[in-house]
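Going by UniProt numbering, the first residue of the sequence shown is number 1, and it counts up by one from there.
Backbone N, C-alpha and C fix where the C-beta goes; we use that ideal spot for every residue, glycine too.
Here's the structure, in structure tokens; my notes come after.
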Amino acid sequence: MRLTFILILLMVMYTQAWGQGRKRVREYGVKVGVLPTGKYNTITDVAGVTVGHTTLLEGEHIRTGVTAILPHEGNVFQQKVPAAVHVGNGFGKLAGSTQIKELGNLESPIILTNTLGVGTAMNAVVGYTLQQAGNEQVQSVNAVVGETNDGYLNDIRGRHVREEHVLQAIQQAKTGAVQEGNVGAGTGTVCFGWKGGIGTSSRKLPESAGAYTVGVLVQTNYGGVLQVNGVPVGKELDQYFMNQQIKDSADGSCMIIVATDAPVDARNLERMAMRAMMGLAKTGGIASNGSGDYVIAFSTNPELRVPYTSEEKTQAIPILRNDEMSPLFMAVIEATEEAVLNSLFMAEDMTGKEGRKVEALPLKKVLKLLKKYNAI
1 MRLTFILILL
11 MVMYTQAWGQ
21 GRKRVREYGV
31 KVGVLPTGKY
41 NTITDVAGVT
51 VGHTTLLEGE
61 HIRTGVTAIL
71 PHEGNVFQQK
81 VPAAVHVGNG
91 FGKLAGSTQI
101 KELGNLESPI
111 ILTNTLGVGT
121 AMNAVVGYTL
131 QQAGNEQVQS
141 VNAVVGETND
151 GYLNDIRGRH
161 VREEHVLQAI
171 QQAKTGAVQE
181 GNVGAGTGTV
191 CFGWKGGIGT
201 SSRKLPESAG
211 AYTVGVLVQT
221 NYGGVLQVNG
231 VPVGKELDQY
241 FMNQQIKDSA
251 DGSCMIIVAT
261 DAPVDARNLE
271 RMAMRAMMGL
281 AKTGGIASNG
291 SGDYVIAFST
301 NPELRVPYTS
311 EEKTQAIPIL
321 RNDEMSPLFM
331 AVIEATEEAV
341 LNSLFMAEDM
351 TGKEGRKVEA
361 LPLKKVLKLL
371 KKYNAI
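See the structure below:
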């Protein structure tokens, strides 16, 4: 009888905790920008894009993980996608970036992890690609791996990310809703002095602008002076870079992944990637000296796929004209800003290495400020 009572009590407590869980920024009435979102308001609203996480929460010191973004569900090496990279501030390690800039395409899943896990993740992606059917003769793979440093909460020197964790994230990648906050590569990150993490958002252009979709996913681990939809939250809560206490060093990094189904080539994808930094700036990020702020942008449009081998010497593809790019630029800015905010709103308190604790964004105080400034 006593055991039954305890089980019921635990179930009630769990239900109450779940019911009081954190919600995405839009669920609190905060509408970033003017464009509508896609169905899930995630990067997976772009057809074919899938996302998977492996989260490592072990003992008192391991707080890290892996996030995998796949541009389509086929063999990416055999059917490459146009892509571009923009470096907002280069204090970081984005493996595979030079080949993307040189050739203008992406041939592997994009992996996000911690700084000292980049080499392991590259090995895993190479192994994954070589073992895929159709790649039996492949002798060169451009594995694309980005990172942020989660060493404040995570025992980063222990290098706990293993190849199987990377493969698990790839294999579990799916479409639909995407987990956010303290998951995957965002497990141990810190943003604006609060708990950061993984965030995502999307925008759907109107028919008059092509009805294209733009999706963004971020791994937030940077600082500055937080703004939520224009409200100076960091200043109001006295937690920002260059205040008297210097509570936020502003150093860190942010990985930003931009996807679209629009027929955009590498040149205009780079222009889209540049606009993602404008979305970052709208959240109060300053791309500090010690921050690695990188953007990878790619198009999933099937007509722009780049075959690994072809008997044809030329490739005729439809390309969106420069004059049609402005709506996509706007979509990137809005989706990046909202993705960052989702990473903060969904993250929870975390205690990690050496007993260090990073608190989540105090939602009650933030919502009060948003009402004060008529932002909701």
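Among the options, nearest to residue i - alpha-carbon criterion
i                : options                           : result
valine 46        : Val118, Thr113, Val178 and Thr314 : Val178
lysine 357       : Ala209, Val126, Gly188 and Ala262 : Gly188
glutamate 107    : Gly90, Asn114, Leu94 and Val125   : Val125
valine 32        : Glu236, Ser253, Asn322 and Ala335 : Ala335
alanine 185      : Leu116, Glu236, Gln131 and Val366 : Leu116
aspartate 323    : Ala209, Met274 and Pro302         : Ala209
phenylalanine 77 : Gln139, Arg24 and Glu27           : Gln139
alanine 339      : Asp155, Val258 and Pro109         : Val258
alanine 173      : Arg305, Ser299, His72 and Asn301  : His72
valine 190       : Tyr152, Ala169, Met277 and Val295 : Tyr152
isoleucine 333   : Ser299, Val214 and Ser291         : Val214
alanine 262      : Ser253, Asn75, Tyr128 and Ile319  : Ile319
glycine 327      : Pro302, Leu70 and Thr260          : The displayed chain sequence assigns proline, not glycine, to residue 327. Taking only the C-alpha atoms, the option nearest proline 327 is Thr260.
Residue range of the unbroken alpha helix (DSSP H) whose run includes residue i
i              : result
glutamate 236  : 233 to 236
glutamate 164  : 163 to 171
glycine 127    : 118 to 131
isoleucine 100 : 97 to 103
valine 340     : 326 to 346
glycine 284    : Premise fails: glycine 284 is in no alpha helix (DSSP H) and is neither H nor E.
residue 380    : The question about residue 380 has no answer, for the chain in this structure spans 1 to 376.
Buried versus exposed call for residue i [16 or more other C-beta atoms within 10 Å across all chains shown]
i              : result
aspartate 238  : exposed
alanine 297    : buried
threonine 309  : exposed
threonine 283  : buried
proline 82     : buried
isoleucine 256 : buried
threonine 314  : exposed
lysine 372     : exposed
alanine 211    : exposed
glutamate 270  : buried
valine 12      : Unreliable positioning characterises valine 12 in this predicted model, as indicated by a pLDDT of 36, which lies under 50. The coordinate reading is nonetheless provided below. Classification for valine 12: exposed.
lysine 195     : buried
valine 34      : exposed
glutamine 20   : Only weak support is given to the placement of glutamine 20: the predicted model assigns it a pLDDT of 49, under 50, and the question is left unresolved by the model.
asparagine 374 : exposed
serine 249     : exposed
The beta strand (DSSP E) enclosing residue i, as first and last residue numbers
i              : result
residue 381    : Beyond the ends of the chain as shown, which are 1 and 376, falls residue 381; an answer cannot be given.
glycine 146    : 144 to 148
lysine 80      : 79 to 90
isoleucine 257 : 252 to 260
threonine 175  : First-last for threonine 175: undefined, no H or E at that position.
isoleucine 110 : 110 to 114
For the stretch 155 to 164 against the stretch 119 to 129, are there 3 or more C-beta pairs whose distance is under 8 Å? yes
Give a yes or no on contact between the stretch 166 to 183 and the stretch 341 to 354, applying the rule of three or more CB pairs nearer than 8 Å. yes
Take every Cβ of the stretch 95 to 104, pair it with every Cβ of the stretch 37 to 54, and state whether three or more of those distances are shorter than 8 Å. no
Say whether the stretch 51 to 65 touches the stretch 260 to 268, bearing in mind that this needs 3 or more beta-carbon pairs closer than 8 Å, one atom from each stretch. no
Between the stretch 188 to 203 and the stretch 215 to 222, do at least 3 Cβ pairs fall closer than 8 Å? yes
Within the chosen definition, does the stretch 68 to 83 reach the stretch 203 to 215 through at least 3 CB pairs nearer than 8 Å? no
Those runs of the beta strand (DSSP E) which lie wholly inside the stretch 186 to 250 and span at least 3 residues: 198 to 204 and 213 to 221
Could you name each continuous beta strand (DSSP E) segment of 3 residues or more that falls completely within the stretch 28 to 58, going from the start of the chain to the end? 50 to 58
Does the stretch 360 to 376 come close enough to the stretch 224 to 237 that 3 or more CB-CB pairs lie under 8 Å? yes
Ignoring anything shorter than 3 residues or poking outside the stretch 283 to 319, list the beta strand (DSSP E) runs there in chain order. 291 to 299
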